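Have a look at this one:
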């Protein structure tokens, strides 16, 4: 269909058009001496642009109201490119990239970026326990670190979303992704600065080999005695106590704070760009697709955390303990390097999207022409996105939003939702690890694959149902209330679940289990002994060999055998199956047993006793 070339639909000079395949000549009523203001890219473009109705130029408002879809497509093909509708960045522009400037590609890219972005938070939650153990961070401080992104979002999101919304939104989103990249690499920075730590290195064969080659027998015995019962020596607090350092915590908090800046730009600008460039009838379905992709991010993040936590914190070394040992520290820092690099890569593609998608520019032009043909546009009726950004206009916008009761009540509901659920999601891996005695990698894997995958499916189905059946807002609000009540009831049920074996596994005191220094180890000076669990032959786990009153230690390969344990002396003619299981796993038999090490008191093996919380764990997942 070839458009007429004589007269445009409107009087006066026309604005530069904002879409893709036709040069605009910017003329007034047939004059041809005006210079062209838009650069022509494809050579086959037509020389003029008009608004069509059934292939004919529309000159009246009733004609424009009867426009057919093919007329819109004709306009799309004929409209010229401007800098606002050109896809690309810097020198990377052209027809090949321009074909990707459409809503489907944007929704997919926005969802993929959101998936990786969500994976970063899931990865942080999955590695929290490892961070706490490595840097001696209390859970209280971990909670403060975790809300660093919320603090920056609270302080800056309103201003950033307003001023960035007036500019090139895809490039602002790309800038936010670069901020999240900085967050990823800053989170890994403490490991690059401080290394794996002395405690982690001491649990490797390489450390032991170096130690044996360079230390005298007396020093080796002194090191061995650190965890044993010492009745005739003074144990210095300055030598045994390891305090958590504040510097890594500050770095982690700053990283989270920077992440809040990026997340504010991503969430506020990404959805508004989608809403402004997609037909309202198609928005729910496409938004649900992007949310579905984003909900897959936590599953990927937790899976990634599970994989790297199976690796030792120093992958080049060989650990002497398994990943089920409480002292195990996984390679938590490696995932941050990968996530940051991937986000930086996708930020480049996000920045290539135009300020306005081409077909959206067509619809905007049609709306402008309708207003010009049908009525005189007053200043009060001008679109807000056509107004220049100003602080005064921002205050007016906020004032209008604050008066929107539905919006404000929905925001208040969201506040209470996150108030309850954010701590739950942040500490779920730690809860599984401590309550059901699962490894850090298993806890992260389960958290990401079970609950969050079902959440992603729910988001996708809800978007499709809303798009197809278009239920009333009242019904959707009632459905949210019902589902929320059921969810809260399920979380309350956690209080009645748990692993009984876990609760009774660690013995800290024979009579009451509340005093760390019972009479059997009162003379052992265990106040500053580090947590180094052992499994007694009675089947109980003790905090350390010192707390069990053990005075001797023998080494059989990688297996440590403790003897003369006064707190296990009451066990007679009985050996726990759990204890025997550890002996079997350590390839240690009674034929290699050093009877002198067990002549007095009970015996124990390095590492916690294995626990069976499988049934309780399955119940928790259901």
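Numbering (UniProt numbering), first residue to last: 1 to 622.
Ideal placement from N, C-alpha and C gives every residue a C-beta, glycine not left out.
Being a predicted model, the structure only gives us computed values, none of them experimental.
Residue i versus residue j - alpha carbon distance
| i | j | result |
| --- | --- | --- |
| residue 612 | residue 147 | 35 angstroms |
| residue 617 | residue 395 | 52 angstroms |
| residue 203 | residue 317 | 10 angstroms |
| residue 442 | residue 489 | 26 angstroms |
| residue 297 | residue 112 | 8 angstroms |
| residue 466 | residue 476 | 9 angstroms |
| residue 131 | residue 498 | 25 angstroms |
| residue 106 | residue 362 | 17 angstroms |
| residue 535 | residue 605 | 5 angstroms |
| residue 168 | residue 478 | 38 angstroms |
| residue 86 | residue 350 | 13 angstroms |
| residue 464 | residue 271 | 17 angstroms |
| residue 603 | residue 143 | 40 angstroms |
| residue 283 | residue 291 | 12 angstroms |
| residue 287 | residue 108 | 10 angstroms |
| residue 310 | residue 206 | 19 angstroms |
| residue 295 | residue 411 | 21 angstroms |
| residue 661 | residue 432 | Residue 661 falls outside the range modelled here, since the chain spans only 1 to 622, and no answer is possible. |
| residue 84 | residue 397 | 24 angstroms |
| residue 325 | residue 95 | 58 angstroms |
| residue 446 | residue 437 | 13 angstroms |
| residue 560 | residue 226 | 14 angstroms |
| residue 425 | residue 439 | 17 angstroms |
| residue 281 | residue 245 | 54 angstroms |
| residue 496 | residue 622 | 14 angstroms |
| residue 320 | residue 163 | 55 angstroms |
| residue 339 | residue 460 | 25 angstroms |
| residue 119 | residue 500 | 33 angstroms |
| residue 444 | residue 127 | 8 angstroms |
Collapsed DSSP secondary structure at residue i in the structure displayed
| i | result |
| --- | --- |
| residue 255 | helix |
| residue 647 | Because the chain here runs from 1 to 622, residue 647 falls outside it and cannot be looked at. |
| residue 602 | strand |
| residue 534 | strand |
| residue 618 | helix |
| residue 93 | strand |
| residue 279 | coil |
| residue 405 | helix |
| residue 121 | helix |
| residue 428 | helix |
| residue 196 | coil |
| residue 324 | coil |
| residue 184 | helix |
| residue 560 | strand |
| residue 549 | coil |
| residue 542 | strand |
| residue 423 | helix |
| residue 330 | strand |
| residue 565 | strand |
| residue 249 | helix |
| residue 307 | helix |
| residue 610 | coil |
| residue 435 | helix |
Distance between beta carbons of residue j and residue i, contact taken as under 8 angstroms
| i | j | result |
| --- | --- | --- |
| residue 329 | residue 133 | 6 angstroms |
| residue 293 | residue 115 | 5 angstroms |
| residue 315 | residue 129 | With 8 angstroms as the limit, residue 315 and residue 129 do not qualify as a contact, their Cβ atoms being about 19 angstroms apart. |
| residue 347 | residue 174 | 4 angstroms |
| residue 541 | residue 471 | Their Cβ separation, rounded to whole angstroms, is 54 angstroms, which puts residue 541 and residue 471 out of contact at 8 angstroms. |
| residue 103 | residue 357 | 6 angstroms |
| residue 312 | residue 170 | Not quite, the Cβ-Cβ distance comes to about 41 angstroms (not below 8 angstroms), so this is no contact. |
| residue 276 | residue 360 | 7 angstroms |
| residue 550 | residue 537 | So it is not a contact: roughly 11 angstroms between Cβ atoms. |
| residue 180 | residue 117 | 6 angstroms |
| residue 229 | residue 521 | 6 angstroms |
Q. At a cut of 8 angstroms, does the segment 118-129 reach the segment 304-314 through at least three beta carbon pairs?
A. yes
Q: Taking 8 angstroms as the threshold, find out whether the segment 154-169 comes into contact with the segment 329-341 through three or more Cβ pairs.
A: no
Q) Are there three or more Cβ pairs, one per stretch, closer than 8 angstroms when the segment 539-556 is compared with the segment 520-530? A) yes
Q. Hey, is the segment 338-347 in contact with the segment 180-189, meaning 3+ C-beta pairs nearer than 8 angstroms?
A. yes
Q. Between the segment 262-280 and the segment 186-197, are three or more C-beta pairs nearer than 8 angstroms?
A. no
Q | Ordered list of alpha helix (DSSP H) runs contained in the segment 459-503, each at least 4 residues | A | 473-492, 500-503
Q.
Quick check: the segment 255-263 against the segment 417-427, are at least 3 beta-carbon pairs closer than 8 angstroms?
A. no
Q | Secondary structure, alpha helix (DSSP H): runs of 4+ residues fully inside the segment 138-169 | A | 139-146, 148-165
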